[in-house]
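The listed protein sequences derive, respectively, from chains L and R. Using this note's numbering, you'd call the opening residue of the first sequence number 1 and step up by one each time. Using this note's numbering, you'd call the opening residue of the second sequence number 1001 and step up by one each time. Following: one structure in C-alpha cells, then a few remarks.
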Amino acid sequence: MSDHNNKGLYAADLKKAKGLGSAHEGTDHWMMQKITAIANVPLVLWLVWSIIGLQGATHAQFIAWQAQPANAVLMIMLIISVMYHAKLGAQVITEDYISTEWFKMMKLIGQKVFFFGLAIMCIFCVLKIAFTAGV
Amino acid sequence: MSQTTKKVQRPLSPHLQVYKLPLTALMSISHRATGASLIIGTLLVAGFLIAAATSEQHYNFVMTVASSKIGLLVMFLWSFALYFHMFNGIRHMFWDTGRFLEKGQAMRTNYIVLMCAVTATAVTWGGRTLLALIFTGMGG
Chain L
1 MSDHNNKGLY
11 AADLKKAKGL
21 GSAHEGTDHW
31 MMQKITAIAN
41 VPLVLWLVWS
51 IIGLQGATHA
61 QFIAWQAQPA
71 NAVLMIMLII
81 SVMYHAKLGA
91 QVITEDYIST
101 EWFKMMKLIG
111 QKVFFFGLAI
121 MCIFCVLKIA
131 FTAGV
Chain R
1001 MSQTTKKVQR
1011 PLSPHLQVYK
1021 LPLTALMSIS
1031 HRATGASLII
1041 GTLLVAGFLI
1051 AAATSEQHYN
1061 FVMTVASSKI
1071 GLLVMFLWSF
1081 ALYFHMFNGI
1091 RHMFWDTGRF
1101 LEKGQAMRTN
1111 YIVLMCAVTA
1121 TAVTWGGRTL
1131 LALIFTGMGG
C-alpha cells in the first residue's frame, strides 16, 4: 500500500504507519459508515415491521410496546447506528458542496451537535419510557 | 493584443445541464438524495419517541399528524427512499469487494436494485393494508 501513491515515497514512517492523509483521518470514516450500514439493515427492517404493527396505537399501547426490554434495546441500537450513519453521510455532503471554509466548518460542527444531540435525546426518551412504564 | 487572445470555437465538454445522465449516474445521485431525505423519516421517529416520553397529548398530536393523508404520503415516500438506499447500499458493498463494476453489470444491477426497492415498498404497504383489514375485521 505504501507505494500506492506519492505519499509512500515522501511521508515519514510515523505518518505512513498512522495511515492518515491530508484530511487527517484515515479509513475510519469509511469503516464506520460500512459497519453502521450493515447494522442498519436488520435494525431498520425491524423498525418498519414495528411501525406496521403500531399503526394507530394508543399512548398506553405504544408505551407498553416500547418498554419491553427487547424493543427498548433494539430501539437504542437503531438510534445509535442510524444517527451515526446519518452524521457521516451529512458530513460528506457538506464537505462536497460547501466551499466557503468557515461556513463548512460551522456546518460540520452544527451537524455533529445536531445528530449526537438528537441521539442522546431519543435514547433518554426510550430509557425513560422503559424505566417508568407501569410505575 | 496578439493573435493568441482570439476566441477559438472549440466544442464544449458536456456538463450537467446539457448531458443526459445515464441510469447508473441517476442511481448514484439518488443514493445521496435518498440518504439526505431519510433524515426527515429519522426526525419522525425521534418525534414519536420524544412525544411519547413527554405526555399522552404530545403523543396523540404526533400520531394524528403521522396518520393524516400528508403523513401517510411522507411515510410512503420514506419507505421507498429507505428501501432504495438500503438495496443500493448493499450494491455498494458488493462494489467495495470489486464485484459488478463492469458497465453491463452496473446497468443490470441498476434494475435489480430498483425492482427490489419497488417490491419491498409494495410488500410493506400491502402488508400494512392487510393487517389493517384483519384488525378491522376482528372489530379491534
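Where is the CB? At the ideal position from N, CA and C, for every residue including glycine.
Segment limits, alpha helix (DSSP H) that includes residue i
i	result
L/Y97	69-97
R/T1064	1056-1067
L/A11	Here L/A11 belongs to no alpha helix (DSSP H), and DSSP marks it neither H nor E.
Integer Cβ distance of residue i from residue j, believed to fall under 8 angstroms
i	j	result
R/L1038	R/A1081	6 angstroms
R/S1079	R/T1124	5 angstroms
L/A39	L/S99	So it is not a contact: roughly 33 angstroms between Cβ atoms.
L/M75	L/L118	The Cβ separation is near 14 angstroms, so there is no contact.
L/A64	L/A133	7 angstroms
R/T1109	R/R1128	Incorrect: roughly 28 angstroms between the Cβ atoms, too far for contact.
L/L78	L/L43	4 angstroms
R/V1062	R/G1047	5 angstroms
DSSP-derived helix/strand/coil call for residue i
i	result
R/K956	No information on residue 956 of chain R is available, as it lies outside the stretch 1001 to 1140 that chain R covers here.
L/F115	helix
L/V44	helix
R/L1131	helix
L/K107	helix
L/Q61	helix
R/H1015	coil
R/V1008	coil
R/G1126	helix
L/M1	Because the pLDDT of L/M1 is 44, which lies under 50, any placement of that residue in the model is unreliable, and the question is left without a value.
R/R1091	helix
R/F1100	coil
L/T140	Any property of residue 140 of chain L remains undetermined from this structure, which presents chain L solely from 1 to 135.
L/T100	coil
Residue i: contacting residues in chain L (beta-carbon distance under 7 angstroms)
i	result
R/L1082	V44
R/T1042	V82, A86
R/L1131	I52
R/G1089	A37
Residue i: contacting residues in chain R (beta-carbon distance under 7 angstroms)
i	result
L/I129	A1052, A1053
L/I98	Neighbours of L/I98 on chain R: none; closest Cβ ~14 angstroms, over 7 angstroms.
L/K118	Checking the sequence, you will find Leu at residue 118 of chain L rather than Lys. Under the 7 angstroms cutoff, chain R gives A1046.
Interface residues of chain R facing residue i [CB-CB closer than 9 angstroms]
i	result
L/C121	The residue you asked about is not Cys; residue 121 of chain L is Met in the sequence shown. What L/M121 touches in chain R: A1046, L1049, I1050.
L/Q91	Those within 9 angstroms of L/Q91 in chain R number zero; the least Cβ separation is about 11 angstroms.
Chain-ordered chain R contacts of residue i [CB-CB under 8 angstroms]
i	result
L/H29	None at all; the shortest Cβ gap to chain R is about 14 angstroms.
L/K34	M1093, D1096
Under 8 angstroms by beta carbon: chain L residues contacting residue i
i	result
R/R1128	I52, Q55
(request) Say whether the segment 1045-1054 of chain R touches the segment 1086-1096 of chain R, bearing in mind that this needs 3 or more beta-carbon pairs closer than 8 angstroms, one atom from each stretch. (result) With the cut-off at 8 angstroms, the segment 1045-1054 of chain R and the segment 1086-1096 of chain R do not touch.
(request) Determine contact between the segment 89-106 of chain L and the segment 36-56 of chain L, defined as no fewer than three beta-carbon pairs at a distance below 8 angstroms. (result) A contact is defined here as three or more CB-CB pairs under 8 angstroms, and the segment 89-106 of chain L fails this definition with respect to the segment 36-56 of chain L.
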